[in-house]
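Working notes, structure below.
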């Protein structure tokens with residue numbers, strides 16, 4: 104082989120390797136936020152405040168995320184059964200709710216409380232005002248949103264925030280076609296209803312990095328502020344991230360003395 108040609112081919116291969124490594128190492132955690140725990144795997148409770156029609160989607164999402172090597176989830180009775188619309192948090196776990204939250208623009212909302220770098224509680228809300236419409240009533244939309252909003256409470260962010268590109272096969276990927284296949288970016292697009300391997304790898308990156316001397320899982324942590332009901336933008340603090348359409352997708356509210364509240368928004372079109 105001509106030596107110059109060999110160098111060109113070798114250089115191309117080297118670039119391809121670098122690019123593949125960059126993609127494989129891409130991160131979609133948000134900040135350094137995680138549940139404090141003293142061992143892996145740990146079990147995180149999901150408080151079920153959902154209607155019977157939503158329960159199968161919560162069961163599937165819980166089973167999907169429990170496939171992770173570092174965390175398990177278990178569904179328990181919610182603490183907001185008398186008024187799921189309020190969806191108030193309970194320390195040490197994630198409360199999951201659905202209700203008609205109104206024509207406020209959001210399809211799903213995840214709210215996470217943190218003390219320092221440690222998550223202390225979280226909520227995940229599904230807005231039936233939109234899920235009761237023809238556009239979002241499809242099972243694939245419900246499965247994607249439940250899967251994604253719960254996972255924000257683990258410390259995961261989005262893999263991709265563009266809506267019109269190819270699906271990544273992950274519920275942490277924005278899409279206009281959650282079930283994949285014909286009708287979306289391509290006829291061979293995968294479904295975005297479940298986690299993919301990169302999601303599990305990212306959880307390992309977050310939780311295999313170190314163990315803690317304390318645990319916030321299942322524990323009541325003293326907080327310096329409240330902010331227990333935050334369904335409106337005026338309650339979310341400052342925007343720190345935008346989605347692929349230029350809309351604010353992550354807010355931060357500083358409660359002082361190291362306590363913060365983060366709100367992830369999945370907007371309806």
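Numbering (my numbering), first residue to last: 104 to 372.
Glycine included, C-beta positions come from ideal geometry on N, C-alpha and C.
Spatial distance of residue 339 from residue 239 (CA atoms): 25 Å
If you pair each beta-carbon of the region 278-294 with each one of the region 239-256, do three or more pairs fall below 8 Å? yes
*Which full runs of the alpha helix (DSSP H) of 4+ residues lie inside the region 203-277, going along the chain?*
231-234 and 242-255
Requested in this report: Compare the Cα-Cα distances from residue 211 to each of 253, 193 and 300 and report the closest residue.
Outcome: 253
Query raised in the report: What is the residue span of the beta strand (DSSP E) that residue 364 lies within?
Result: 362-370
Thinking C-alpha only, which one of 181, 156 and 144 is nearest residue 175?
144
Quiz item: Are the region 139-156 and the region 178-194 touching by the rule of at least three beta carbon pairs closer than 8 Å?
Solution: Segments in contact, yes.
What separation, rounded to the nearest whole angstrom, lies between the Cα atoms of residue 309 and residue 130?
10 Å
Distance between residue 199 and residue 146 (C-alpha atoms, nearest Å): Straight-line Cα distance between these residues: approximately 16 Å.
| query | Smallest Cα separation from residue 322: which of 133, 209, 189 and 223? | reply | Of the candidates 133, 209, 189 and 223, the residue whose Cα lies closest to the Cα of residue 322 is 223.
Practice item. Quick one: using the 10 Å Cβ neighbour count with 16 as the cut-off for buried, is residue 156 buried or exposed? Key: exposed
Review point. Smallest Cα separation from residue 354: which of 158, 213, 194 and 196?
Key: 213
Subject >> Proximal residues to residue 306 (C-beta, below 6 Å), its chain only, five neighbours per side dropped >> reply: 171 and 173
Open item on the list: Please report the distance separating the alpha-carbon of residue 301 from that of residue 269.
Closed with: Cα to Cα, the separation comes out at about 16 Å.
- prompt: Would the beta-carbon of residue 276 fall within 9 Å of that of residue 243?
  reply: no
Item checked: Collapsed DSSP secondary structure at residue 355 in the structure displayed -> Secondary structure of residue 355 (DSSP, three-state): strand.
message: As a quick exercise: from 257, 140, 360 and 251, pick the residue whose alpha carbon is nearest that of residue 272.
response: 251
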